[in-house]
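Participant: Mind looking over this structure? Questions follow.
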């Protein structure tokens, strides 16, 4: 189909091509050369004579090949120069804190939360606070009318006085009966009656004392006081309203300092806390190795460390978590009950390890390794490493790399152990002033660019440029 399309496209040229062939063939005895055309998906196709002008002859291809070889030879000749070592980008391993850090979502709960209710019936005569006030134990908050309760107390005290008199009379009668029974003046039955009267008088006095205490309690209940320290809400029922035990909440008092944060912690993380704490099995004690802080919904970090107050004694089977309560100081009342917060647990004494970019890590059959630069002779060598905690774009090295080692982070694709390189230092990483720094300046000057070091590495000649482009 392609040949037919070519033939149709150049059909109008057939006559002119034939005439040209006839005119030129009379005076030439040169041997005819076949022409070919390289078509996509088909390959090289031999053309008829009348289409030879759109193809190329074998002699032309030979000449072109010879010319290309000549140019390649010219480039590789004495004027080409020696190939430059590949350019790489290196950085120094830096010591950083790489301790464990956990985050848990939870909410704030008050340690003490009191609902005030009336215990006696009556009209509220006075309210002694306003909503939001800080109250202390014993502060008077409400006063209920107490006239009837004072009268009840007076009546109970009068009854107690009568009971005391009856008890005294019964005691004297019993003493007389005991004296007369010895002389045989009175029968035994009269002594028994005197003793029963005395015991009944004792019971009546006890009843009267109880009535006095109850009357006193009712009178005391007319004055409602704060049972805890905290911040009180607005009064739910105001002055002049009738209240009773069924009236419901009069006000709420919430303790804000200190305050609890309640967090559901996964059971596997409790195991981590125990392991870090020395394996004593006490999660609350082992958590002393962690610094506990809070992050508010506004991403603000709250100042002040928390302490573990309570660790649940069973795992919630539906969530696989253990309830943990952490106590935080809250002197300024920044934390409020039911507020959503994030608990951040970080090690108090985190390990200090060298950290390198993840791009420097390579993988082989033997495991992970990096290329370290010897800045004395600008040579690289493979160094097996063991990695620890992985962070954002970086990894902590537990063995194989020391602080200050120069690690290749770009251009590692075509490197081999012991290869000579042209090092360039990554932005923010300084060289030692040796041949590595000199190689970086030389590479930058050869490319006419004394600017960014990474750009200099990518602009270098030969295989070094290929390595950077691959990276």
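Numbering (our numbering), first residue to last: 8 to 478.
Cβ atoms here follow ideal geometry from the backbone N, Cα and C, with glycine treated the same way.
Since the model is a prediction, treat every value here as computed from it, not as a measurement.
When you compare the CB positions of residue 144 and residue 234, do they come within less than 9 Å of one another, or not?
Facilitator: Against a cut-off of 9 Å, the Cβ pair of residue 234 and residue 144 comes out as a contact.
Participant: Does the pairing of the stretch 232-251 with the stretch 140-159 give three or more beta-carbon distances under 8 Å?
Facilitator: These segments touch.
Participant: For residue 188, I'd like the list of residues in its chain whose CB is within less than 6 Å of its CB, leaving aside the five on either flank, ordered along the chain.
Facilitator: Excluding positions up to five away in sequence, the list reads 198.
Participant: Could you compute how far the alpha carbon of residue 129 sits from the alpha carbon of residue 119?
Facilitator: Those two C-alpha atoms are separated by around 28 Å.
Participant: Please tell me whether residue 178 and residue 136 are closer than 9 Å, where the distance is taken between their beta carbons.
Facilitator: It is not a contact, given that the beta carbons lie outside the stated cut-off.
Participant: Nearest-angstrom Cα distance between residue 423 and residue 389?
Facilitator: The alpha-carbon atoms of residue 423 and residue 389 are separated by roughly 8 Å.
Participant: Tell me whether residue 189 sits in a helix, a strand or coil according to DSSP, three-state version.
Facilitator: In the structure shown, residue 189 sits in a helix (DSSP, three-state: H, G or I).
Participant: Check this for me: beta carbons of residue 428 and residue 408, under 9 Å apart or not?
Facilitator: In this structure, residue 408 does not lie closer than 9 Å to residue 428 by Cβ.
Participant: Is residue 97 near residue 348, with beta carbons less than 9 Å apart?
Facilitator: Result no, Cβ atoms of residue 97 and residue 348 do not sit closer than 9 Å.
Participant: For the alpha helix (DSSP H) that residue 214 lies in, which residues bound it at each end?
Facilitator: Residue 214 -> alpha helix (DSSP H) spans 195-228.
Participant: Would you identify the three-state DSSP class for residue 237, choosing helix, strand or coil?
Facilitator: Residue 237 falls in the strand class under three-state DSSP.
Participant: Given residue 341, which residues of its chain have a CB within under 6 Å of its CB, disregarding the five upstream and five downstream residues?
Facilitator: Closer than 6 Å at Cβ, skipping near neighbours: no residue.
Participant: Which stretch, first to last residue, makes up the beta strand (DSSP E) that contains residue 368?
Facilitator: Looking at the DSSP string, residue 368 is not in any beta strand (DSSP E), and its letter there is neither H nor E.
Participant: Residue 255: which of 370, 406 and 122 sits nearest, CA to CA?
Facilitator: It is 122.
Participant: May I ask you to report which of helix, strand or coil DSSP gives residue 169?
Facilitator: In the structure shown, residue 169 sits in a helix (DSSP, three-state: H, G or I).
Participant: Do residue 271 and residue 331 have their CB atoms nearer than 9 Å?
Facilitator: Their beta carbons are under 9 Å apart, which means residue 271 touches residue 331 by this criterion.
Participant: Would residue 212 be called buried (16 or more neighbouring beta carbons within 10 Å of its own) or exposed?
Facilitator: Residue 212 is buried by the Cβ-count criterion.
Participant: In its own chain, which residues sit with a C-beta less than 7 Å from the C-beta of residue 251, not counting the 5 before and 5 after it?
Facilitator: For residue 251, where only same-chain residues beyond five positions count, the Cβ hits under 7 Å are 125 and 128.
Participant: To the nearest angstrom, report how far apart residue 167 and residue 203 are at their CA atoms.
Facilitator: Each residue's alpha carbon lies about 20 Å from the other.
Participant: Suppose the cutoff is 7 Å on Cβ atoms and the five residues either side in sequence are ignored; what does the same chain contact list for residue 374 look like?
Facilitator: Correct list, in chain order: 391.
Participant: Can you tell me whether residue 418 is helix, strand or coil according to DSSP?
Facilitator: Reduced to three states, the DSSP call for residue 418 is coil.
Participant: What is the rounded straight-line gap between the Cα of residue 3 and the Cα of residue 182?
Facilitator: An answer regarding residue 3 cannot be provided, because it is not within the stretch 8 to 478 covered by the chain.
Participant: What separation, rounded to the nearest whole angstrom, lies between the Cα atoms of residue 345 and residue 224?
Facilitator: Their Cα atoms are separated by approximately 36 Å.
Participant: Between 56, 146 and 419, which has its C-alpha nearest residue 260's C-alpha?
Facilitator: Ranking the options by Cα distance to residue 260, first place goes to 146.
Participant: Quick one: residues in its chain with C-beta nearer than 8 Å to the C-beta of residue 326, no 5 flanking neighbours on either side, listed in chain order?
Facilitator: Cβ within range, chain order: 271.
Participant: For residue 321, which option in 301, 303 and 274 has the closest C-alpha, if you only look at C-alpha atoms?
Facilitator: With distances taken between Cα atoms, residue 321 lies closest to 274.
Participant: For residue 364, which residues in the same chain have their Cβ closer than 7 Å to its Cβ, ignoring the five residues on either side in sequence?
Facilitator: Excluding residues within five positions, the ones whose Cβ falls inside 7 Å are 98, 400, 401 and 416.
Participant: Who pairs with residue 150 in a beta bridge, going by DSSP?
Facilitator: Paired residue(s): 133 and 230.
Participant: Out of 351, 338, 395 and 319, which has the shortest C-alpha to C-alpha gap to residue 481?
Facilitator: The structure shown does not extend to residue 481, since the chain is modelled only from 8 through 478, so no value can be given for it.
Participant: In whole angstroms, give me the CA-to-CA distance for residue 432 and residue 419.
Facilitator: Using only the alpha carbons, I get a separation of about 14 Å.
Participant: Do residue 360 and residue 395 have their CB atoms nearer than 9 Å?
Facilitator: The answer is yes: Cβ separation under 9 Å.
Participant: Can you have a look at residue 29 and say buried or exposed, based on whether 16 or more other CB atoms are within 10 angstroms of its CB?
Facilitator: For residue 29, the pLDDT reaches just 45, beneath the cut-off of 50, and the residue's location in the model is therefore unreliable, although a value from the coordinates is still provided. It is exposed - the Cβ of residue 29 has fewer than 16 other Cβ atoms within 10 Å.
Participant: Buried or exposed, going by whether 16 or more other CB atoms sit within 10 Å of the CB of residue 154?
Facilitator: Under this definition residue 154 is an exposed residue.
Participant: Taking Cβ positions, are residue 131 and residue 248 nearer each other than 9 Å?
Facilitator: Contact flag set, yes.
Participant: Just to confirm, is the Cβ distance from residue 384 to residue 93 under 9 Å?
Facilitator: Not closer than 9 Å, so no.
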